[in-house]
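Everything on this sheet refers to the single structure shown next.
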Amino acid sequence: MKDFEFECWETNYIKGRLERKRLKDPSDRTGWLRLAANRTASADAQDAVAQVYDELVTAEPALAEEHRASADTLREYAQGARDYAELALEQAGKL
């Protein structure tokens with residue numbers, strides 16, 4: 013499971029860097045709104061995958077602990093993405 017967790021972290025890290033790189037002008041309100049929308053969509057996708065892991069807990073009892081851990085990790089990533097989206101919305105509101 014460590015590889016999966018690293019891949020999720022790495023994917024989020026790279027997405028975040030690319031999004032910030034595209035946002036060349038910090039006074040670009042539309043860019044901040046787009047960034048918030050992307051982070052929110054990413055969080056929704058991570059929550060959906062976490063839900064699948066929750067369902068796998070009962071479907072594969074032998075791997076229940078691993079599935080719970082993966083679901084928890086994904087929920088943490090989703091919360092981080094939502095927090096980041098909230099900051100981007102705050103920044104957009106200042107412009």
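When you number the sequence shown by my numbering, it's gap-free, plus one each residue, and the end is 107.
Ideal Cβ positions, reconstructed from N, Cα and C, are used throughout, including at glycine.
Fair warning: this is a prediction, and the values are worked out from it, not measured in the lab.
For secondary structure counted as the alpha helix (DSSP H) over 4 or more consecutive residues, the region 33 to 107 holds these complete runs in sequence order: 41 to 71, 76 to 106. Judged by their CB atoms, A104 and T52 are not nearer to each other than the 9 angstroms cut-off.
A57 and L101 have their C-alpha atoms spaced approximately 19 angstroms apart.
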